[in-house]
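Read the structure below first, then the notes.
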Amino acid sequence: MSLQGRHILLGVTGSIAAYKAALLCRLLKGAGAEVQVVMTPLAKEFITPLTMATLSKRPILVEFFDPENGAWNSHVSLGEWADCMLVAPATANTLAKMAHGIADNLLLTTYLSARCPVAVAPAMDLDMFAHTATQENLATLRRRGVAVIEPGDGELASGLSGKGRMAEPAEIVAQLAELLSEKKKSLQGKRLIVTAGATIEAIDPVRFISNHSTGKMGYALAEALAARGAEVTLVSGRTALPCPEGVRRVETRSAEEMYQACVREFAAADGAVMCAAVADYTPEEVSPVKLKKGEGEMTIRLKRTRDIAAELGADKGNRLLVGFALETDHEAENAESKLCRKNFDFIVLNSLRDAGAGFGGDTNKVTLIDRAGREELPLLSKAETAERIVDKIESILK
Ligand code: C5P
C-alpha cells in the first residue's frame, strides 16, 4: 500500500529511541509521504530539531508559539492537515497523557484535535512497559481506536533485555501503510453516483447556455470515494478534467441527458452525491441551424428542466442522497429548505460571499447541514473538503 502524497504528522517524544525517528522520517519521505514533525520539549534532548527538519524538509514544531516572533502553531490546523498521526517513539509519559486527555504540549493538543487515524509506537524499559498503568493506558487508547505498533523483545538502552524496544522503522512504515489502506477501503462494496460539472443547454448547433462550474469539487469527491473502495459512477457534465483513476465516467451534456443517466444508475446504487451545476432552464426549442443575427433584439423562450436531485429524493428509500447548494444570499435558510424539499441526508453549502469558495479555485469553504444541525468547515483544499464530506458519508452508510 502506497503512502504517496499522504500527510503524516510524526510525533517524537523523549526516549532514547528518538534516534530511530530520523530513519523513520527518511523512510516515510522515501515512500512519498509529506512529513510534519512535532516534538515534545524533552525529545529535543535526544535528537536535534535540525536533524528532523532537514530530513522532513519542514521546520519542526515544539512550542505553541514561536518565542522569537509570536507566530502561533495551530494544533487544530495540524490535526486537519494530517491523514495520520504517528507518535514514534511514544514514551510511557506521553501515552499516559494521551489516555487521560492531558494537553500540556503541542504534540498532545494536536493529538486531541486530530480526527485522522492515530498510531503509537511505544518505546520504554521492559518494567515500564509491563506496568499495569502503562498497559491500562494502552488499552484505553486501543479502545478509542488508536493503533498500537507493538514494541519488540530485545536489548534495551538500560542494558536489560525484554519487551519495550520500539519496533523497527521499516516495520512501523509497513503497519502505517496498512492502517491507512484500511481507512481507504471503508466504503468497499458501496455503489455511489457523483454528478459533477456544468450542463449545456443547446440554443442552436453553435451556441449554448451553461454556467461557471469546472467540476473540480465533484471530481475530487469521486476520487475520494473511490480511494475508500466505493464503486463510483461519475455522471459528468461539461468539464476539462480527466476521469479519476478507478472511476467509471458517464458523459452527459444537457440536464435531460444527465437526468436520464442518473435515474438509470440510481436504480442499482447505494446513494448519490449531487454536485453538478444543472441548468434550471433550457431553450423551449433548439434551432437545427445556426441562428442568424438581425437588426433588433432577440428573445429566447426557456422552459424548466427537471430537478434531478428532487426526483431521486422523492424515491430514495433508505439510499443516501447528498446535495450541494451554492448561494449568494440567505445562505443557510435556502440550503435548509433544499435539504427538506429534495429529501437530502445532508447538504453542502457554498457561499459565493466566502473568499476562496466557489467556482474554479482549488479551495473551498463549506458548511455541512443536516437535520441535526450545521458544521462549518474552515477554508480547505477541494481535496481536503472532499475527504471531510466523505467522512460524513461514511458515518451515514456504516
Ligand atoms: O435548487 P438548486 O439548483 O440550488 O439545488 C442544488 C442541488 O440540486 C445540487 O445538489 C444540484 O446538483 C441539484 N440539482 C439537480 N438538478 C437540477 C437542479 C439542481 O440535481 N435540475
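Start counting the sequence shown at 25; every next residue gets the next number (our numbering).
All C-beta atoms, glycine included, are put in the ideal place defined by N, C-alpha and C.
Asked	Found
So, with DSSP's three-state summary, where would you put Ala57?	coil
Looking only at C-alpha atoms, which of Tyr43, Thr276, Lys314 and Glu308 sits nearest to Ala300?	Thr276
Let's test the definition: count the other Cβ atoms within 10 Å of the Cβ of Ala154 and tell me whether it reaches 16, buried, or not, exposed.	exposed
For Pro141, which three-state DSSP category applies?	coil
Suppose contacts are defined by Cβ-Cβ distances below 7 Å. Is Leu336 in contact with Ala291 by that definition?	no
Look at Asp294 and Lys389 and say whether their C-beta atoms are less than 7 Å apart.	no
Counting C-beta neighbours from all protein chains within 10 Å, is the total for Pro312 16 or more, i.e. buried, or is it exposed?	exposed
Given this structure, state the Cα-to-Cα distance separating Ile393 from Val197, to the nearest angstrom.	37 Å
Between the stretch 168-183 and the stretch 144-158, are three or more C-beta pairs nearer than 8 Å?	yes
Can you tell me where the beta strand (DSSP E) holding Gly35 begins and where it ends?	His31 to Val36
Note the first and the last residue of the continuous beta strand (DSSP E) segment covering Gly176.	Gly176 to Glu179
Is Glu174 near ligand 3, going by C-beta to nearest heavy atom under 6 Å?	This structure lacks ligand 3; its bound ligands are ligand 1.
Should Gly295 be counted as a contact of ligand 1 given a C-beta to heavy atom distance under 6 Å?	no
Just checking my contact of Val256 with Met298 at CB under 8 Å: how many whole Å lie between their CB atoms?	Not quite, the Cβ-Cβ distance comes to about 14 Å (not below 8 Å), so this is no contact.
Quick one: Cα of Thr64 to Cα of Asp369, how far?	42 Å
Consult DSSP for Ala250 and reduce its assignment to one of helix, strand or coil.	helix
Since Val271 sits in a beta bridge, which residues does DSSP pair it with?	DSSP, once it has assigned bridges, lists no residue as partnering Val271.
Leaving out the 5 sequence neighbours to the left and right, which residues in its chain are closer than 8 Å to Leu401 when beta-carbon positions are compared?	Lys389, Val390, Thr391, Leu392, Thr409 and Arg412
Name the DSSP beta bridge partners of Ala222, please?	Arg262 and Ala301
For ligand 1, is there a heavy atom less than 6 Å away from the beta-carbon of Ala349?	yes
Just to confirm before moving on: does the CB-CB distance between Lys317 and Val230 stay below 7 Å?	no
For Ile371, write down the residues that DSSP places opposite it in a beta bridge.	Gly347 and Ile393
In terms of residue numbering, what span does the beta strand (DSSP E) encompassing Val170 cover?	Unbroken run through Val170: none, as it is neither H nor E.
List the residues that DSSP assigns as beta-bridge partners of Pro146.	Ala114
Is the distance from the Cβ of Ala246 to the Cβ of Val274 below 7 Å?	no
With DSSP as the reference, label Ala42 as helix, strand or coil.	helix
What does the Cβ neighbour count give for His99, buried or exposed, with the cut at 16 atoms within 10 Å?	buried
Which residue or residues does DSSP assign as beta-bridge partners of Cys108?	Ile32
Could you check whether Ala114 and Ala244 sit closer than 7 Å to each other, using their CB atoms as the reference points?	no
Along the chain, where does the beta strand (DSSP E) that runs through Arg189 open and close?	Ser185 to Arg189
Given Trp105, which residues of its chain have a CB within under 6 Å of its CB, disregarding the five upstream and five downstream residues?	His31
So what does DSSP say about Pro83, is it helix, strand or coil?	coil
Once the 5 residues before and after Ala254 are set aside, which same chain residues still bring their CB inside 6 Å of it?	Leu211, Lys214 and Leu216
Grouping DSSP H, G and I as helix and E and B as strand, with all else coil, what is Asn358?	helix
According to DSSP, simplified to helix, strand and coil, what is Met152?	helix
Could you spell out where the alpha helix (DSSP H) holding Arg288 opens and where it closes?	Ala279 to Phe290
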